[in-house]
Every structure is written in C-alpha cells, then in structure tokens.
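Following: one structure in structure tokens, then a few remarks.
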Amino acid sequence: MSQIIEAVGLVKHYGEVVALDGLDLAVEEGTILGMLGPNGAGKTTAVSILTTLLHPDSGSAMVAGADVLAEPGKVRKLIGLSGQFAAVDEHLTGYENLEMIGRLYHLGKGPARSRARELLERFDLTVAADRPAKTYSGGMRRRLDLAGALVAESPILFLDEPTTGLDPRSRVELWEIIRDLVGRGTTLLLTTQYLEEADLLADQILVIDRGNAIARGTATELKDTFGGDRIEVTLADEAQAGRAADILARLAVGDIQREDGDLRIIVPITGGASTLTQALRALDSGQIELRDVQLRRPTLDDVFLSITGHHADEPAALEEMAS
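Add 6 to the 1-based position in the sequence shown for my numbering, that's all there is to it.
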C-alpha cells in the first residue's frame, strides 16, 4: 500500500509551549491510523496542520501527493474533517445542515439535496431530518457532524476525537459507521484518548505524548513489545500481602504493583500460562490464601503506562491549544 498521508518533523510552538516537537507520521491508503494520546499530547495540533487550518513552525506534510503548505486548496478538495465538537448549525434542521454543506462544496442544488437525503438515511437520521439540530441528542449531533464531513465523498477523512462525551451506545454506533467507511475505501486518521477505541478500530497506532511520537505499530505489536501478560491476585487475608509480594517478586518483570490485598505483576512475554502455574504453586506452598486470580493480556493503557510513566487518561502537562 502507498502512503496517502505523510508528515515529517512537524514542530509547533505557542510561545514557550511546545505543542509538537518533530512529529513524524504516515497513513497507508485505505487504512485507519489511530493517533493515541492524552489531552495536551498534540493530537489536535497535528490534525489542524494536516487539514491546512494551522501552519507548522517547521516540518512538512503531504496529503494524497499535495503539499499541505504549498497547495492547501488542493488538499481541502481531498479531505473531510470532523472535529472534537459537532460543527452543526443548531437552528437548521439536519437536512438543511447537510444541504447547505453540499452547496458550499458547489455540488449544485439537486445533487446537494440528493446527497443530504442519502446521508441522513445512511446515518439513521431520516426520522429527525426535519427537526432543528438543537433538538438532537449528543450522539445524533455527532452522527450529523460526521455526515457533514462526508458530503463531498472525500477519499481521506480526519476524525478528531469523534466519540468524546458520547454515551457507550452512541460510541459503539459511531464505531460501526467508521468501520463501514473504511470498508468502502476511505482512508482515516483518527485521534483518540480512548484506548479501547484505538484497539478496536485502528490498523496502525501512533502513540504520542507531549508532541512526540513515542511508539507505533499494531495494537498486538505494541502489547507484545511493551510488556508481557499480567497476573493479578486478590488475597483472602491482606495481612499476607508482604509474604505474597516476596513470592511473586521472583517471577515478575519489574516492580510489583500492590494495593491492599491486590497484587499485580508483569511476567515474561513468552511465559504467561506457565508463570501463572508457578505462581499458584509457590503461593500455595507459602500457605497464601487467594480470593481471586487472573491472567490477562496487557491493555493499551498498560502499554502507555510502560512507555510514559503515566496512564493515558491523565492529562499531559501541556494544554491542547489548537482546539
């Protein structure tokens, strides 16, 4: 596959604040790149540059062969954008919002109306098509905003935290729409702070923190690279936590995480099940009583914590200033 989006060395400062610090990224045609990071990591700044809304201080970017800085008009004809907050006119109906966007894209009166009706049906908004957008739920407004980004049938779509603030059901509905878009050939750059979202949707994941790319790969590759399986035990008697920790320390990679009667260790990548067996035998020999035990694969949150030292849902020190 060819790279349809590519950025090299993007740098952006806001005074003394460094939003991007030499960011590189690439997206292959017909795939989803999930840009994962906490608030303030630089995700929105990167999207703003790639969609011609913001100029970098240095670096370069290409979208479908067009230079973002030298040919912004050409880039805009090739992309659709859905930002963090639904960009709809709440006083217009759902139909009027989409028809207006079609007119702005110079589709013509008839095609703009036809495209609006088509997208309302596709996004399950037909029943609410003639209601003012201000009467829509959060999930409906998000779907309408995404429909607006698709009016021109752009081959490349940028979604900046599209499910922020949505309830679980609305998030799942949007995930289904996103999968369908890519199945139809759309290339998608998705920013998110939701680990589950990146894990479920993205073909490739770029983890960024404080304006830097700190890891990249598939979800499986990242999990395999930055930590093996986790063994988690809950003790029947918290007073035995010290002895249990000493026993588990012999099998662990790195430090033991301990909270009251709950202990968690990382085990070698290739030794999950066998290490669990060893752990249970050793704890039994030490007469450590357990209330619960489980072996699980690392999550992307574990990966993020391993790389950065903080969880992905903890805001970075920098505030996102391009939003």
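Don't be surprised by glycine CBs; every beta carbon is placed ideally from N, CA and C.
Best match in the options for proximity to residue i [C-alpha to C-alpha]
| i | options | result |
| --- | --- | --- |
| residue 173 | 144, 188, 189 | 144 |
| residue 227 | 33, 260, 305, 89 | 305 |
| residue 141 | 96, 180, 121, 163 | 96 |
| residue 264 | 286, 277, 278, 237 | 237 |
| residue 12 | 51, 45, 58, 71 | 71 |
C-beta atoms of residue i and residue j nearer than 9 angstroms
| i | j | result |
| --- | --- | --- |
| residue 242 | residue 301 | no |
| residue 165 | residue 196 | yes |
| residue 43 | residue 184 | no |
| residue 245 | residue 30 | no |
| residue 56 | residue 209 | no |
| residue 217 | residue 24 | yes |
| residue 135 | residue 100 | yes |
| residue 284 | residue 170 | no |
| residue 54 | residue 151 | no |
Backbone CA spacing between residue i and residue j [nearest angstrom]
| i | j | result |
| --- | --- | --- |
| residue 323 | residue 74 | Bear in mind that the predicted position of residue 323 carries a pLDDT of just 46, short of 50, making it unreliable; the figure below should be weighed with that in mind. Roughly 29 angstroms separates the two Cα atoms. |
| residue 333 | residue 232 | Past the edges of the chain, shown from 7 to 329, lies residue 333, and the structure says nothing about it. |
| residue 328 | residue 294 | Confidence in residue 328 is poor, its pLDDT being 46 and thus under 50, which makes the residue's placement too unreliable to answer from. |
| residue 281 | residue 273 | 7 angstroms |
| residue 36 | residue 127 | 24 angstroms |
| residue 81 | residue 230 | 37 angstroms |
| residue 21 | residue 63 | 11 angstroms |
| residue 15 | residue 266 | 45 angstroms |
| residue 251 | residue 239 | 10 angstroms |
| residue 154 | residue 180 | 14 angstroms |
| residue 225 | residue 198 | 14 angstroms |
Opposing strand residues paired with residue i [DSSP bridges]
| i | result |
| --- | --- |
| residue 68 | 12, 73 |
| residue 238 | 270, 300 |
| residue 193 | 162 |
| residue 88 | 165 |
| residue 336 | Because residue 336 is not part of the residues shown, which for the chain are 7 to 329, the question remains open. |
Cβ-heavy atom distance, residue i to the ligand FAD, below 8 angstroms
| i | result |
| --- | --- |
| residue 300 | As presented, the structure is devoid of all ligands, the ligand FAD included, so that no description of it is given. |
Chain B within 9 angstroms of residue i, Cβ atoms only
| i | result |
| --- | --- |
| residue 188 | Annotation note: the requested chain B is absent from the structure, which comprises a single protein chain. |
### Query
Where are the beta strand (DSSP E) runs, 3 residues long or more, that stay fully inside the region 266-297, in chain order?
268-272
#### Entry: Entirely enclosed alpha helix (DSSP H) segments - the region 124-163, minimum 4 residues
144-155
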